Amino acid sequence: MSEKGAQGSRPGPSRPALRDKRDKGGRRRRKTILIVSATVGAGHVRAGEALLAAAESLSRPVTISHADVLDFTFPLFKKLYSDSYYEIVQRSPELWGYLYKKSDSRKPLRGKAGLIRLFDHFNFKKYLKELSRLKPDAVICTHFLPYLAIEDEISQKGWQIPFFAVPTDYDVHSLWVSRAVSRYYAATEEAACSIQTHGIPPENIGVSGIPIMPQFGIRLSRQAARKRLGIPSGHFTILILSGGYGIGVVDELTGSVARFLATDKRRDYQLIVVCGKNPGLYGKLSRMAFPANVRARLFEYITFIDQTMACSDLVITKAGGLTVSEALARHLPLLILDPFPGQEGRNADYLIEHGAAISAHGFENLHYKLHRLIEEPGLLSAMKKRAAELAKPHAARDILKDVLGRL
433 MSEKGAQGSR PGPSRPALRD KRDKGGRRRR KTILIVSATV GAGHVRAGEA
483 LLAAAESLSR PVTISHADVL DFTFPLFKKL YSDSYYEIVQ RSPELWGYLY
533 KKSDSRKPLR GKAGLIRLFD HFNFKKYLKE LSRLKPDAVI CTHFLPYLAI
583 EDEISQKGWQ IPFFAVPTDY DVHSLWVSRA VSRYYAATEE AACSIQTHGI
633 PPENIGVSGI PIMPQFGIRL SRQAARKRLG IPSGHFTILI LSGGYGIGVV
683 DELTGSVARF LATDKRRDYQ LIVVCGKNPG LYGKLSRMAF PANVRARLFE
733 YITFIDQTMA CSDLVITKAG GLTVSEALAR HLPLLILDPF PGQEGRNADY
783 LIEHGAAISA HGFENLHYKL HRLIEEPGLL SAMKKRAAEL AKPHAARDIL
833 KDVLGRL
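Okay, so the sequence shown: first residue is 433 according to my numbering, each after it adds one.
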């Protein structure tokens, strides 16, 4: 794990040092870490699950648990907060892009307005009680809400519990930055510099990557992966991902790609489509007729996405931070179709700038880009190499080790 070395513009948050907690026999007590996510899309929760899974590889004794902060709030708030992002990006992505940019302020940190502070006090009261009951040695947050909502209470109570923030995109929105956070774990050097623009000193920022499941750090050859999944070794294989909840135009995309590939009679192709938590999409694709030179393998929500990536030549996807990090870990070039404005658009910008991805706008443009990648193996190889250079497959383990080293 690297540290940012540029100069910060003002001192970071001051926090009392944790006491070395020991049992009655004078032995060190087993450390307790609470990972807190929020079910706003699938990525924040998946990052928390990755940190939890990575704990098994640690040699130090530690108790780690994972919670959803929204489970401790009013049910109506949980539903509205969880659903609002997808409702907006599906119905009006331009509005989401505007809101994302407008709210991404680089002004000095300020306190919350009175009404918001009052609402948060009541809405997150159960969460505060749970923290008081558990008394964790550290809280790792894969969404900003678990600390942003209670930052006033943290300050007033003088809590000695350090909060660690793990942004799950390649750009860091200003909402992630809070006086309640002891340390940030950024995806890239560029993301770390973005955090510094808020006056956070470099010593409070680590560059770790985004946490993904440990299996992405285990080498798996394309030949072995294809054998496991029954994918022919000679077929050009394209993976199509729908996202954790199967939202999007995946049925139209799959049909469009299949029809385009049918025009190339010289090759045989393999499509792998992961439908996510969307049985309706899976059923619709199961009834789809595919051209003679295009085989299709369909999956619903799966836990072995690392294997589908390992056996593929290319992935067509949106640009969620977790999906991107997983693809990079498998050295898989990305073809990003119509990224949503906001964080996904900035993720796509980073990948394209560094040569690991190309983007397409609409199906016709997608066909052109896909044709280039198929016909220019040198371009695909260069993208694969750049993806490998950007990959940080052990981010979850590195974050946990760094957190434990600070307790």
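Note that CB positions come from ideal geometry on N, CA and C, so glycine has one too.
Every value quoted in this text rests on a predicted model; they were computed, and no experiment measured them.
| Check | Outcome |
| --- | --- |
| Determine the direct distance from the alpha carbon of residue 472 to that of residue 513, and round the result to whole angstroms. | 7 Å |
| Give the list of continuous alpha helix (DSSP H) stretches no shorter than 4 residues that lie fully inside the stretch 468–530. | 475–486, 507–523 |
| Taking DSSP's pairing of strands, which residues face residue 731 in a bridge? | 706 |
| Note down, in chain order, each residue of its chain lying with its Cβ closer than 7 Å to the Cβ of residue 811, except the 5 sequence neighbours on either side. | 804, 805 |
| Go ahead and pull the three-state DSSP assignment for residue 786. | coil |
| Report yes or no: do the stretch 735–751 and the stretch 763–781 share at least 3 C-beta pairs separated by less than 8 Å? | yes |
| Taking residue 479 as the reference, give the member of 698, 753, 837 with the closest Cα. | 753 |
| Between the alpha carbons of residue 580 and residue 607, how many angstroms are there, rounded? | 8 Å |
| For residue 780, which beta-bridge partners are listed by DSSP? | Answer by DSSP bridge pairing: none, since residue 780 is not bridged. |
| Could you tell me the distance, in whole angstroms, from the CA atom of residue 614 to the CA atom of residue 672? | 38 Å |
| Can you tell me the Cα-Cα spacing of residue 783 and residue 789, whole angstroms? | 5 Å |
| Starting from the C-beta of residue 624, find all residues in its chain whose C-beta is less than 7 Å away, skip the five residues before and the five after it, and write them out in chain order. | 436, 618, 637, 639 |
| Let me check one thing: in DSSP terms, what residues is residue 675 bridge-paired to? | Looking at the DSSP assignment, residue 675 forms no beta bridge with any residue, so it has no partner. |
| On a CA-only basis, which of 732, 684, 648, 743 is nearest residue 823? Give me that one, please. | 648 |
| Taking 8 Å as the limit between beta carbons, can you name the residues of its chain near residue 500, skipping five residues before and five after? | 468, 469, 470, 471, 477 |
| Could you work out which residue in 650, 686, 611 is closest to residue 631 when comparing CA atoms only? | 611 |
| Apart from the five residues on each side of it in sequence, which residues of its chain come closer than 6 Å, Cβ to Cβ, to residue 795? | 688 |
| Give me the DSSP bridge partner(s) of residue 760. | Answer is none; residue 760 lacks a bridge partner. |
| Would you call the CB atoms of residue 486 and residue 759 closer than 8 Å? | no |
| Which complete alpha helix (DSSP H) runs does the stretch 573–632 hold, if anything under 4 residues is left out? | 577–580, 583–589, 621–628 |
| Thinking C-beta only, is residue 661 closer than 8 Å to residue 739? | yes |
| Using CA coordinates, which residue listed in 781, 700, 675, 698 is at the minimum distance from residue 731? | 675 |
| DSSP on residue 681, reduced to helix/strand/coil? | coil |
| Would you say the stretch 714–728 touches the stretch 691–705, given that touching needs at least three Cβ pairs under 8 Å? | yes |
| From which residue to which residue does the alpha helix (DSSP H) around residue 836 run? | 827–837 |
| Could you please give me the residues that DSSP links to residue 559 through a beta bridge? | Per DSSP, none; premise fails for residue 559. |
| Per DSSP, residue 689 is paired with what? | Residue 689 pairs with nothing; no bridge assigned. |
| Around the C-beta of residue 825, are 16 or more other C-beta atoms found within 10 angstroms, so that it is buried, or is it exposed? | buried |
| Mark residue 684 as exposed unless 16 or more other C-beta atoms lie within 10 angstroms of its C-beta, in which case mark it buried. | exposed |
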